[in-house]
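Chemist: Here's a structure for you.
There are 2 protein chains.
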Amino acid sequence: MSLVIVGSLAFDTIETPFARRERIIGGSGIYCSLAASFFTWPGVVGVVGRDFPKTAMEFLRKRKIGLAGVSVKAGKTFHWEGRYGEDPNERTTVRTDLNVFADFHPVLPPAYRSADILYLANINPELHAPILEQARGPKLVAMDTIRYWIENKTEALFRELERTDILFANDEEAKLLAGETNLVRAGLRLVRSGPSLVVVKKGEHGVLVFGKGFVFGVPARPCEIVVDPTGAGDSFAGGFLGHLDRVPKITRREFRRATVFGSVIASFAIEDFGIERFKTLSQGEIDDRFREFKNLVSF
Amino acid sequence: MSLVIVGSLAFDTIETPFARRERIIGGSGIYCSLAASFFTWPGVVGVVGRDFPKTAMEFLRKRKIGLAGVSVKAGKTFHWEGRYGEDPNERTTVRTDLNVFADFHPVLPPAYRSADILYLANINPELHAPILEQARGPKLVAMDTIRYWIENKTEALFRELERTDILFANDEEAKLLAGETNLVRAGLRLVRSGPSLVVVKKGEHGVLVFGKGFVFGVPARPCEIVVDPTGAGDSFAGGFLGHLDRVPKITRREFRRATVFGSVIASFAIEDFGIERFKTLSQGEIDDRFREFKNLVSF
């Protein structure tokens, strides 16, 4: 199999009640592909400005992430600044400078066109069609979205949902998208709107996965300290899809295991700022934490 | 084993966005003992006024709940009125008339003094000592509490925690009691303050159980419709303790199974107003839903 991720490569400036980091490496494409790189060899498609550091590209390459789809444009890299409250679920966007990301028209390199899994990480839903036209019948199309697209590109979003296999959303987005106040009704309604799988991320409360005729739930790993929640959701998707990409056959059981691997990798991502934790993370740590999850929920 | 529950027997007036019920049967002692009655033969200790209907007492008796500890006093039964928002987690207390409950001085009937499990369901923590003095060394003392006691009887509450084996609390109460904004730190801190087990109820997000050196988590059963969330927490405790009361030996594994049985019985309680659902609930339905939980979380 093969996994191609279309998303942002960015600088993030992050402030928590305990520390501040300026212009560290981030973006959905980076978090997701780094997380996936512990399971498979993903390719990433995105755009950076000339200010994007070579050391960051080197690190991605070292993790065996395909970079043929990353174009370097004159101008500055996408920059997001956010602030977290005492409760890490409280996040405020301080500023967003789209920069070169504003004119992002994703081009799949020839080798990526036959990807088995294509992940469109909360990009403008109007960009889905031109991407999918370049692809040659992927087995799975997955997407994430954000409040901004739900509110501003509603029609395009629902059109794209119809040809999406897996939708990732957080609980707030799922309710908003479905127009439901009850999360379970929202999940089931979204399953009827197209995707055969709707994966609802609830942060510290874990994940609920809705499929046609089945529901799966996993609590989050109990974390005493959350250093930086940025990228947790993108890392989750990377672990989830990375696992699906490495199994010989995608079954309901593998969806369940993918959910746990996604939760495992997200639980590492939040242990340090930005992508720092991925620099030291080992396969053994991932396997240990997978077993920890078994122990967490078994009865 | 034997389980004795000290709590309220009450009238509840409940309003949801969809319906209103006046003066239906409720109270922590009733929800808890009804839930427990599907697992064991609990006794309840409480007080009612002369206005408490005989038919309600008859129903409890039919469920084999011991009523020797229920005294009937001149005056009116405790009456609580509450309103739920569109989101069932939003609950407003409209009024509380303590009535005969204001002078509640629990007396354990002789047969209850050797109870193995004693559950003090969010009563004034200053009443714990006189109750425990009447008991002859219970194997397990369990308690629940509410924001009111945490804020107004803080000292008494912490004193009682030291001799409590199992503390039930919702997430908000656990954080408040521990003075922590992170729920996991709160749970671990409470375990250090006395109870060997801290059971944190998170409503639609399930339950986290903290013990000395272990954590257990279970998502809530995904519910599309919540008719009336009143008594869900008390029902959870009843199922939890009822299960512990019936097993020959209380082990870590039984704590885990107790958590699931508690979640199962709570998931039934919210399907109808007040105690209605307990009138039709069967053992087979409980067993089916226990298996459903296995399926919900297995991977």
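If you're matching them up, the sequences are chains A and B in order. For what it's worth, numbering that gives the first Met the number 0 labels the leading residue of the first sequence as 0, then goes sequentially. For what it's worth, numbering that gives the first Met the number 0 labels the leading residue of the second sequence as 0, then goes sequentially. The beta-carbon is built from N, C-alpha and C at its ideal position, and this holds for glycine as well.
1. Shortest alpha-carbon distance to E275/A belongs to which of S234/A, S297/A and G241/A?
2. Measuring only between beta-carbons, confirm whether G205/B sits less than 8 Å from chain A.
3. With contact counted as at least three CB pairs below 8 Å, one residue from each stretch, are the stretch 79 to 89 of chain A and the stretch 221 to 239 of chain A in contact?
4. Shortest alpha-carbon distance to I24/B belongs to which of G48/B, S262/B, P41/B and I4/B?
5. Here's a check: name, in chain order, each residue in its chain whose Cβ is nearer than 7 Å to the Cβ of F289/A, leaving out the five neighbours to either side.
6. How would you write the range of the alpha helix (DSSP H) that N151/B sits in, first residue to last?
7. Check each candidate in A185/B, K152/B, H242/B and I116/B and name the one with the smallest Cα separation from V3/B.
8. Return the first residue and the last residue of the beta strand (DSSP E) that L2/B is part of.
9. For the putative contact between I299/B and E171/B, defined by C-beta atoms under 8 Å, what is the C-beta separation to the nearest angstrom?
10. Taking Cβ-Cβ distances shorter than 7 Å, what residues in chain A pair up with F295/B?
11. To which residues of the same chain is R22/B closer than 8 Å at the C-beta, ignoring the five residues directly before and after it?
12. Output yes if chain A places a C-beta closer than 8 Å to the C-beta of N181/B; else output no.
13. Is G186/B near L207/B, with beta carbons less than 8 Å apart?
14. Any beta-carbon of chain B closer than 8 Å to the one on F167/A?
15. Using C-beta distances below 6 Å, list every residue in its chain close to E14/B, excluding the 5 sequence neighbours before and after it, in chain order.
16. Which of the three DSSP states, helix, strand or coil, is assigned to N294/A?
17. Compare the C-beta of F298/A with all C-beta atoms of chain B and state if any pair is closer than 8 Å.
18. Taking D187/A as the query, report the chain B residues whose CB atoms sit under 9 Å from its CB, ordered along the chain.
19. For a contact meaning CB atoms closer than 8 Å, what does K201/B contact in chain A?
20. Taking only three categories from DSSP, how would you classify R20/B?
21. For D271/A, return the contacting residues in chain B, with the cut-off set at a CB-CB distance below 8 Å.
22. Are A168/A and V199/A close, meaning C-beta to C-beta below 8 Å?
23. Where do the ends of the alpha helix (DSSP H) carrying R252/B lie?
24. What's the C-alpha gap between I130/B and F254/B?
25. Using only CA atoms, which one of A110/B, V140/B, R135/B and G136/B lies nearest to N121/B?
26. If you count every other CB in all the chains shown that lies within 10 Å of the CB of E154/A, and 16 or more means buried, which is it?
27. Assess contact between the stretch 37 to 46 of chain B and the stretch 59 to 73 of chain B, defined as three or more Cβ pairs (one per stretch) separated by less than 8 Å. Is contact present?
28. Would you list, in chain order, the members of the stretch 255 to 281 of chain B that have their beta-carbon closer than 8 Å to a beta-carbon of chain A?
29. Can you confirm whether E284/A, when its beta carbon is compared against all beta carbons of chain B, has any partner nearer than 8 Å?
30. Leaving out five residues before and five after N98/B in sequence, what residues of the same chain have Cβ atoms less than 7 Å from its Cβ?
31. At 8 Å on the CB atoms, spell out the chain B contacts of E89/A, in chain order.
32. Would you kindly work out how many angstroms separate the C-alpha atoms of R245/A and N294/A, rounded to a whole number?
33. Quick one: list the residues of chain B neighbouring R184/A, beta-carbon separation under 9 Å, in chain order.
34. Between the stretch 77 to 110 of chain B and chain A, which residues of the former have a C-beta closer than 8 Å to a C-beta of the latter?
Modeler: Result, derived from the coordinates:
1. S234/A
2. yes
3. yes
4. G48/B
5. V259, F260 and V263
6. R146 to N151
7. I116/B
8. L2 to V5
9. Nothing about residue 299/B can be reported from this structure: the residues present for chain B run from 0 to 298 only.
10. Residue identity check: residue 295/B is Leu in the sequence provided, not Phe. Simply V214, F215 and G216.
11. F10, D11, T12 and H78
12. yes
13. yes
14. no
15. R82
16. helix
17. yes
18. Residue identity check: residue 187/A is Leu in the sequence provided, not Asp. In chain order: P221 and E223.
19. H204
20. strand
21. Chain B residues near D271/A: none, gap ~17 Å exceeds 8 Å.
22. yes
23. R251 to A268
24. 25 Å
25. V140/B
26. exposed
27. yes
28. R255, R256, T258 and V259
29. no
30. G48, G74, K75, T76, F77 and H78
31. Ordered by position in chain B, no residue passes the 8 Å Cβ test against E89/A, which lies about 10 Å from the chain.
32. 24 Å
33. E223 and I224
34. E85 and D86
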